[in-house]
Every structure is written in structure tokens, then in C-alpha cells.
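Numbering (my numbering), first residue to last: 7 to 188.
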């Protein structure tokens, strides 16, 4: 079965969310080995507004731009070295956040609680992949990795999910009213 091509509208909104990721993604606060950034907030909003397919395409475009050397990753980093480094698993895990979170939003038609739970599962999948990669790269214990890569970020990520559901819900309702969501 042949998959339908993306419409100009779909390409535009995907490119727009990729651009937002590229602008806000590098802004981070270095609080340890893994910086605190706005990237996953934008990915959650993107998944909420674009759904699983386009949200994942947006993240993939962001990762490809970063892999090509554009300084779009946290701390204005870029290049394949960043993807292959200790935190690269979290970057790749953003694809899971977009896909899983977007599916939950699609299935629940944007209802807040199921959407938030789905986005939470997507972030958890990102944590799983990223932490596994960090342990492999750093040759450290799982306990250490959880202490420096996951536990400090849980409250921030829960707040980002809540913010994404609130902001995404408001924007989604407005776009729906204007018949701009497809």
C-alpha cells in the first residue's frame, strides 16, 4: 500500500515545529552531565499538535540537522559526535517521545489525562533508551546513571508535560475551530 505524500500544509507545520526545536533546543542549563533543556517541551507540544507521524518527522529533521553539524543540540552543540556521545541516546529517544506521545494524543483526540499519560510514556521510553546508552558509553552503574540522568529531571519533565498538555490543548482547540488541523 502506497503511503500518501505530505501536503504542503503538513510540510509547513512540520518545518515550523522543526524550526522551533532548532531555536529552543540549544538553550539549556548545565546542571550536570545531562543539561536541562526546552527540547522535550517542544517535542511534547509538537506531538500534541502534529500527532505521531508529523511530530516524529519534525524530530527526525531536527536530529538530521544536528547530525549535519548545525548547533541545534543543547549548549549549541551539533555533529555526529554529539549523537554518538553519552547523551546521544536521549537525543534519539526524542523520536520515541514524539511517536508514543503523538499516538496517545491521536487516540484520545487530545483529551488531557490520556494525552499526558501518553506523553509521560514517551518521555519514559526516551529515558530508557538514553539511560541505557549512557550506561554503555560511560561504563557506569545503572544507579549512577539514574542519579545523574533521570532523577534530577523528573519534576521538570512532569511540569513540561503538564505545560505541553495545557498549551497544546489550547492551541489545538483554536486550530480545530479554525479548521486548520488536518
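C-beta: ideal position from N, C-alpha, C; glycine also. Just so you know, these numbers come straight off a predicted model, no measurement behind them.
- Taken in chain order, the complete beta strand (DSSP E) segments of 3 or more residues contained in the segment 15-47 number zero; there are none.
- Between the C-alpha atoms of residue 60 and residue 100 there is a straight-line separation of about 13 Å.
- For residue 175, the three-state secondary structure derived from DSSP is helix.
- Within the same chain, and ignoring the five residues on either side of residue 114 in sequence, the residues whose Cβ sits closer than 6 Å to its Cβ are 120, 121.
- CA-to-CA, the gap between residue 38 and residue 152 works out to about 12 Å.
- Residues of the same chain with a CB within less than 7 Å of the CB of residue 109, apart from the 5 flanking positions on each side, are 58, 124 in chain order.
- Secondary structure at residue 83: strand, using DSSP grouped into helix, strand and coil.
- Around the beta carbon of residue 178, a 10 Å sphere encloses 16 or more other beta carbons of the protein chains shown; the residue is thus reported as buried.
- With a cutoff of 7 Å on beta-carbon distance, residue 41 and residue 52 are scored as not near each other.
- Residue 149 carries a helical assignment under DSSP once its states are collapsed to helix, strand and coil.
- Under the three-state reduction of DSSP output, residue 112 falls in the helix class.
- With fewer than 16 other Cβ atoms inside 10 Å of its own Cβ, residue 145 counts as exposed.
- Exclusion of the five residues before and after residue 72 leaves 78, 79, 84 as the residues of its chain whose Cβ lies within less than 6 Å of its Cβ.
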